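J.: Here the sequence shown is numbered in this note's numbering, starting from 456 and rising by one per residue.
Ideal Cβ positions, reconstructed from N, Cα and C, are used throughout, including at glycine.
Note that the structure is a prediction, hence the values are computed from the model and not measured.
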Amino acid sequence: MPHINLGNDLPGMRGLMAFSPATAEPMNLLAEILLRSNDGLTPTERELIGTHVSYLNDCFFCQHAHAAIACHYLNSDKELVDDVRENPAAANISNKLKALLNIAALVQNGGKYVTPEAVAKAKQEGATDKDIHDTVLIAAMFCMANRYVDGLGAITPTDLSTYPPRAKQVAENGYGNHIFSAKQPTAQ
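1. By the 10 Å Cβ neighbour count, where 16 or more other Cβ atoms means buried, how is Tyr-630 classified, buried or exposed?
2. For Thr-499 versus Ala-520, is the C-beta spacing smaller than 8 Å?
3. Helix, strand or coil for Thr-478 per DSSP?
4. At the level of alpha carbons, what is the spacing between Tyr-528 and Val-569?
5. For a test of your reading of the model: does the CB of Lys-623 fall under 7 Å from any non-hydrogen atom of the ligand COA? Yes or no.
6. Which same chain residues end up closer than 8 Å to Pro-457 when comparing Cβ atoms and leaving out the 5 residues on each side of it in sequence?
7. Cβ of Arg-540 within 8 Å of Cβ of Gln-563?
8. Measuring straight from C-alpha to C-alpha, what distance separates Lys-578 and Gly-462?
9. Compare the beta carbon distance of Phe-516 and Val-625 with 8 Å and say whether it is the shorter of the two.
10. Are the beta-carbon atoms of Ser-509 and Asn-601 separated by less than 8 Å?
11. Suppose contacts are defined by Cβ-Cβ distances below 8 Å. Is Leu-496 in contact with Asp-584 by that definition?
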């Protein structure tokens with residue numbers, strides 16, 4: 456049950472965005488830029504970073520929503536997404552992504568936890584300055600989003616089958632007003 460009267464019964468971020476379209480617009484624009492770009496990191500890698508940070512923040516809605524998007528990009532490889540979410544060091548991903556996920560986890564603890572050694576390790580594994588920049592900003596954005604969703608007690612579906620249809624919509628159409636204005640898609 457949300458802590459405030461949202462005037463809607465939309466789940467997670469969607470309900471909050473419908474309540475406040477003025478803040479939804481810049482938040483969706485930032486998500487579109489950070490999560491759907493192919494400049495350096497792939498959209499899949501970007502969603503995996505957000506999923507891992509949301510897992511570390513124990514934000515049920517965000518970790519499952521973004522895991523479903525990553526899973527969509529990975530042709531339903533839920534096992535890989537779960538491995539990255541819960542233990543990226545042991546996941547079957549590149550060493551570069553492992554190093555970037557380590558930086559994201561440090562950001563989740565606090566910006567000052569990011570060390571020159573962690574950045575050097577990521578660069579050693581092939582990360583560019585742009586990759587590191589985007590990783591830090593994605594992690595910071597997800598910390599904000601996680602606290603926004605949980606801080607207002609947003610409606611959080613526990614039925615995991617509700618996440619993939621919306622994930623498909625986001626993967627195909629991006630982040631934008633359709634997130635909170637379009638009817639919830641159903642599984643096909």
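T.: For this structure:
1. Around the beta-carbon of Tyr-630, 16 or more other beta-carbon atoms lie within 10 Å, marking it buried.
2. Not a contact, by the Cβ cut-off of 8 Å.
3. In the structure shown, Thr-478 sits in a helix (DSSP, three-state: H, G or I).
4. Tyr-528 and Val-569: Cα-Cα distance of roughly 29 Å.
5. Questions concerning the ligand COA fall outside what the structure shown contains, since it holds no ligand whatsoever.
6. Gly-470, Leu-607, Gly-608, Ala-609, Ile-610, listed in sequence order.
7. Not closer than 8 Å, so no.
8. C-alpha separation (whole angstroms): 47 Å.
9. Going by C-beta atoms, Phe-516 is not nearer than 8 Å to Val-625.
10. Yes, Cβ-Cβ distance for Ser-509 and Asn-601 is below 8 Å.
11. For the 8 Å CB-CB criterion, Leu-496 and Asp-584 do not form a contact.
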